[in-house]
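Everything on this sheet refers to the single structure shown next.
Numbering (mature numbering (1 follows the signal peptide of the UniProt record, and there is no 0)), first residue to last: -20 to -1, 1 to 368.
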């Protein structure tokens, strides 16, 4: 028994010595690591140099009032926003003046061709300090390529080193719009005088970045001028230019106020085939015109009317990009069949719009903008009673 107790004591002593030794090793590692980190921090942060700089500049620590700081920040932000608003007002006033006095009576395309010359962001020749580059103008447009003026561009650090020219603006015309259409050509001509306002705004506020003017016919004037680029495809060719300023949120929100929209999509048997394909495209186009300020829902109707997205049941949801994508995805699941009961569909739409008008307190003095969009291949019944 005595021998066993002695053996146990020896084991405990040896184990204790071993644990103490391990603890010393870990402690030494920690000290070495801490010392190295401290030296690294001193080498990078250089606190002594910072202290010396602060002393040279007579820097000191002062207690500041939170309310005072908020007032200073608020005044700075307000001053910045006022400068931007002044720039927009200058563009607005000049645009209204030019549009009022411009003579747009000419409709002969040949006469318009002879006078139209402009800087195109897509088709103008590009020059810089080193060379000149010709844009790849489509064959059907090459006979009229003389209307595009040369564009000289150089990188500018203020515009993220994008090659630009702050002396004038460039014009973007959507692919589906003909720039020699009289209305478009007139818009290009009369907005050219906005270059004076653009350059003056930039001189007055060097912190100003891009300035735009978009017209109802799709013409977009961009200052400073730049080459219009689309993403490149796999074969290093420019992909199709699908940009249209008229469906951008900034254009839509400036042209219209917020609205409630109910879209009724016919899913009856007559929509089978091409009708269904066209309906999906129409719904997607309608949804693309909405902004975050709008509220929308979609009803699918046959002999009954149901919500296209079940979790949005009896609700107008905000037209956020996420919700818009949800609606677009759901529109691809429609299965045409049965007969169409348009009366029930309109009744459901009017009911939900009425409930939102009442909940928001809309009236003669505070009207709500509400609309119903009907996507169908035809109306077989008389719905005048429902509209009343």
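Note that CB positions come from ideal geometry on N, CA and C, so glycine has one too.
Beta-carbon to beta-carbon, residue 221 and residue 102 are separated by about 7 Å, close enough to satisfy the 8 Å threshold. Taking C-beta atoms as the reference points, residue 275 and residue 288 fail to come closer than 7 Å. With contacts defined by Cβ atoms closer than 7 Å, residue 339 and residue 282 do not form a contacting pair. In this structure, the beta-carbon distance from residue 181 to residue 174 does not fall below 7 Å. If you compare the alpha carbons of 277, 227, 258 and 280 with that of residue 268, the shortest gap goes to 227.
Contact between the stretch 42 to 51 and the stretch 157 to 168 is absent: fewer than 3 CB-CB pairs across the two stretches fall below 8 Å. Relative to residue 273, the option among 253, 255, 284 and 240 whose CA is nearest is 240.
For residue 129, there is no enclosing beta strand (DSSP E), as DSSP marks it with neither H nor E. Of all C-beta pairs linking the stretch 201 to 209 to the stretch 140 to 150, three or more are shorter than 8 Å, placing the two stretches in contact.
The three-state secondary structure of residue 71, taken from DSSP, is helix.
Residue 333 is not a Cβ neighbour of residue 279, given a cutoff of 7 Å. Look at residue 350 here: in three-state DSSP terms it is strand. Residue 27: member of the alpha helix (DSSP H) spanning 27 to 36, first to last residue.
Among the bridge pairs identified by DSSP, residue 203 is matched with 191. Counting of Cβ neighbours within 10 angstroms places residue 356 among the buried residues, the total reaching 16 or more. Our two residues, residue 7 and residue 29, have alpha carbons roughly 32 Å apart in a direct line.
Counting only the Cα atoms, residue 83 lies some 16 Å from residue 74. As a beta-bridge residue in DSSP terms, residue 241 pairs with 276 and 351. For a cut-off of 8 Å, the C-beta gap from residue 154 to residue 198 is around 5 Å, short enough to register as a contact. Of all alpha-carbon atoms in 176, 270 and 284, the one lying nearest the alpha-carbon of residue 78 is that of 176. In this structure, residue 165 places its C-beta atom within 7 Å of the C-beta atom of residue 96. Counting of Cβ neighbours within 10 angstroms places residue 194 among the buried residues, the total reaching 16 or more. For residue 150, there is no enclosing alpha helix (DSSP H); the residue is part of the beta strand (DSSP E) that begins and ends at 150 to 152. Bounds of the alpha helix (DSSP H) holding residue 309 are 301 to 311.
For the pair residue 138 and residue 253, the Cα-to-Cα distance works out to about 52 Å.
Non-local beta-carbon contacts of residue 321 in its own chain, meaning distances under 8 Å to residues more than five positions away in sequence, involve 281, 282, 283, 284 and 285 in chain order. Less than 7 Å separates the beta-carbon of residue 249 from that of residue 317. Residue 331: member of the alpha helix (DSSP H) spanning 322 to 340, first to last residue. With fewer than 16 neighbouring CB atoms inside 10 Å of its own CB, residue 35 falls in the exposed class. In the DSSP assignment, residue 285 falls within the beta strand (DSSP E) that extends over 285 to 287.
Separation of residue 265 and residue 27 (C-alpha to C-alpha, rounded to the nearest whole angstrom) is 59 Å. In the DSSP assignment, residue 258 falls within the alpha helix (DSSP H) that extends over 254 to 268.
Using a 10 angstroms sphere on the CB of residue 311, the tally of other CB atoms reaches 16 or more, which defines it as buried. Residue burial is scored here from C-beta neighbours: residue 237 has fewer than 16 other C-beta atoms within 10 angstroms and is therefore classed as exposed.
By alpha-carbon distance to residue 85, the top candidate from 170, 223 and 116 is 170.
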